[in-house]
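Q: Below is the structure I would like to discuss, written out as structure tokens.
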């Protein structure tokens, strides 16, 4: 079965849309193939995902899994593809049925136990998601939610583990979008510790 | 005196160079400049936060930069570390100081080529890193503050200590900073050692809040001035109009450049200087005698006018008066002493 998810890849400080396609075909020799110019961190993601799936209580498919990161000519650097690939595998193998894949983009790095790790460029990704038509929100690690929530026209869904992300996409778990607290953050963080009054004689 | 120069620099977003013996407070001064710059607007904050976010530099309890960044890279920094680079381009220190302050302490100790790569970003407010596969543009609109000692040992002209540097040594030290880079620094000041009497005093100096208020007055005047100027030339010829001013630099600017239209006095093109820095008779004579008799270079001439405009703005004055010009000339005196 084929699953398609939206995610983003960071190039410099800009986030570019990337589509993750995962095809799980039973009755073929078991093998995981990852294509779409993955660099080292992305290539290794299949190993992390394998253990994260098992340690979160899901079934690791013993089938042929083909993962394609499109556009194929754009080099993919970061570990932020872990979560979309993982959800794609679960959807492709029939363990997750969701209608939300077109409406929510996904980014996130996974630990072996299935917890989320922070990603780089969450703010740029949220900005790119807000520009992309059809997207209502972006699912991302809880650590990054506050920085991304600054973007107004997009729902930022914070998840802290693979199980939570699966719950959200399956519609079993309702996660409130992280509220943007720009004014409050400005209030709290805009004080300087130094002052020119410390100066004598200049 | 040094604080006043800092206020002027902050008001017009002028780059500034401080010369002084060790321990005179150059670093302390630079560190406090963000406190007198206008508060970050939310769009500026997002632009800067994006860079930190992309580099994974944001703290979890500080998901948004609400303060202007202050970066002071060590002088051993590489080209790529300063302007950005790598096979997959990542932003460097100048982008991390976007909308903030980049402080380069011990300027002559920096690698010469490292300093030269600063020239494009100082002009454009952006830096473009080209690689075989792609080219990436990062924002890098910062205020440069540089500091150096007056000689290799640090104590030239210091009444308290003897300097035993030879003239060729001093010349070599100073020659490490190229003319084109100096060209982009409007204000040069001397930060002398502080006498004990003033150190022991208990009264506090002017606070950042007061200084920022003055800066805001000047910034408001600049905003009004350049808004009206942009309004007038915002026909399709904006870019070509800039280029037609005959200034090569503006012709080289990319269209998306942050400086396509000036926002601060420091960014005024030669044409805008002619328009906004009109001098009356006494001012004109004063500047003329400064150029002729004190040997101010042609390069210094435009800088004096830009700085004088900012000083007049700080005074909330429409016209540039003689005392504005004379203060501005003062900020070029080191130019004459140290780089003849």
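Residue numbers (this note's numbering), protein chains in the order written: chain W, 7 to 208; chain B, 26 to 365.
Note that the Cβ used here is the ideal one computed from N, Cα and C, for glycine as well.
Computed from a prediction, not measured in an experiment: that's the story for all the values here.
Could you give the DSSP three-state label for residue 305 of chain B: helix, strand or coil?
A: coil
Q: Can you name, in chain order, every residue of its own chain whose Cβ lies under 6 Å from the Cβ of residue 179 of chain W, other than the five neighbours on each side?
A: 173
Q: Tell me whether residue 35 of chain B is buried or exposed, calling it buried when 16 or more other Cβ atoms sit within 10 Å of its Cβ.
A: buried
Q: I think residue 91 of chain W touches residue 51 of chain W, with their Cβ atoms under 8 Å apart; what is that distance to the nearest whole Å?
A: Rounded, the Cβ-Cβ distance is 6 Å, consistent with contact.
Q: Taking only beta-carbon positions, decide if residue 108 of chain B is within less than 8 Å of chain W.
A: no
Q: Would residue 242 of chain B count as contacting chain C if we go by Cβ distances under 8 Å?
A: Judged by its chain identifiers, the structure shown contains no chain C, and its protein chains are W and B.
Q: Locate the beta strand (DSSP E) running through residue 17 of chain W, then write down its first and last residues.
A: 8-17
Q: Kindly examine the ligand NAD and report whether one of its heavy atoms sits closer than 7 Å to the Cβ of residue 54 of chain B.
A: You won't find the ligand NAD in this model; it holds no ligand whatsoever.
Q: Helix, strand or coil for residue 171 of chain B per DSSP?
A: strand
Q: Using the beta-carbon count (16 or more within 10 Å), is residue 32 of chain B buried or exposed?
A: Classification of residue 32 of chain B: buried, given that the 10 Å Cβ count is 16 or more.
Q: So who's on the other strand from residue 31 of chain W, going by DSSP bridges?
A: DSSP lists W/70 as partners of residue 31 of chain W.
Q: Under 9 Å between beta-carbons, which chain W residues line up against residue 57 of chain B? List them in chain order, please.
A: 198, 200, 201, 202, 204, 205
Q: Which residue from W/115, W/121, W/157, W/27 puts its Cα closest to that of residue 131 of chain W?
A: W/157
Q: Going by the beta-carbon positions, is the gap between residue 111 of chain W and residue 13 of chain W smaller than 8 Å?
A: yes
Q: Using 10 angstroms around the beta-carbon of residue 99 of chain B, count the other beta-carbons present and answer buried if the total reaches 16, otherwise exposed.
A: exposed
Q: By the DSSP assignment, the beta strand (DSSP E) with residue 37 of chain W in it spans what residues?
A: Residues 37-41.
Q: Terminal residues of the continuous beta strand (DSSP E) containing residue 95 of chain W?
A: The continuous stretches of beta strand (DSSP E) do not include residue 95 of chain W, which lies in the alpha helix (DSSP H) extending over residues 88-98.
Q: Take residue 140 of chain B and list the residues in its own chain whose beta-carbon comes closer than 6 Å to its own, dropping the five residues that flank it on each side.
A: 206
Q: Round the Cβ separation of residue 339 of chain B and residue 243 of chain B to the nearest angstrom and send it over; I've been treating them as touching at under 8 Å.
A: 5 Å
Q: Which residue from B/344, B/328, B/342, B/120 puts its Cα closest to that of residue 358 of chain B?
A: B/328
Q: Please work out which residues of its chain come closer than 7 Å, Cβ to Cβ, to residue 217 of chain B, disregarding the five sequence neighbours upstream and downstream, and give them in chain order.
A: 45, 49
Q: Measure the Cβ-Cβ separation of residue 173 of chain B and residue 223 of chain B and say whether it is below 8 Å.
A: no
Q: Compare the C-alpha of residue 171 of chain B against each of B/209, B/289, B/86 and name the closest.
A: Checked all of B/209, B/289, B/86; the closest Cα to residue 171 of chain B is B/209.
Q: Under the assumption that residue 168 of chain B contacts residue 126 of chain B (Cβ atoms under 8 Å), give the Cβ distance between them as a whole number of angstroms.
A: 5 Å
Q: Do residue 134 of chain W and residue 83 of chain W have their C-beta atoms closer together than 8 Å?
A: no
Q: For residue 159 of chain B, count neighbouring Cβ atoms within 10 angstroms of its own Cβ and tell me buried if that reaches 16, exposed if not.
A: exposed
Q: On a Cα-Cα basis, can you pick out the residue from W/121, W/107, W/163, W/119 that is closest to residue 128 of chain W?
A: W/163
Q: Which residues in chain W sit within 8 Å of residue 20 of chain B, going by Cβ to Cβ distance?
A: The structure shown has nothing for residue 20 of chain B, since chain B only spans 26 to 365.
Q: Using C-beta distances below 6 Å, list every residue in its chain close to residue 195 of chain B, excluding the 5 sequence neighbours before and after it, in chain order.
A: The beta carbon of residue 195 of chain B sits closer than 6 Å to the beta carbons of 176 from its chain, once the five residues preceding and following it are set aside; these are given in chain order.
Q: What does the alpha-carbon distance come out to for the pair residue 129 of chain B and residue 120 of chain W?
A: 44 Å
Q: Just how far apart, CA to CA, sit residue 119 of chain B and residue 108 of chain W?
A: Near 38 Å, if we compare the C-alpha coordinates of residue 108 of chain W and residue 119 of chain B.
Q: Straight-line CA distance for residue 231 of chain B to residue 144 of chain W?
A: 48 Å
Q: Around the Cβ of residue 39 of chain W, are there at least 16 other Cβ atoms within 10 angstroms (buried) or fewer (exposed)?
A: Residue 39 of chain W comes out exposed.
Q: Leaving out five residues on either side along the sequence, give the residues of the same chain with a beta carbon under 8 Å from the beta carbon of residue 282 of chain B.
A: The pLDDT assigned to residue 282 of chain B is 37, lower than 50, so where the model puts this residue is not dependable; a value taken from the coordinates is nonetheless given after this. 149, 150, 151.
Q: Cutting at 8 Å between CB atoms, please list the residues of its own chain near residue 125 of chain W, excluding the five before and the five after it.
A: 84, 85, 86, 113, 114, 115, 131, 146, 147, 150
Q: Exposed or buried, which one is residue 323 of chain B when buried takes at least 16 other CB atoms within 10 Å?
A: exposed
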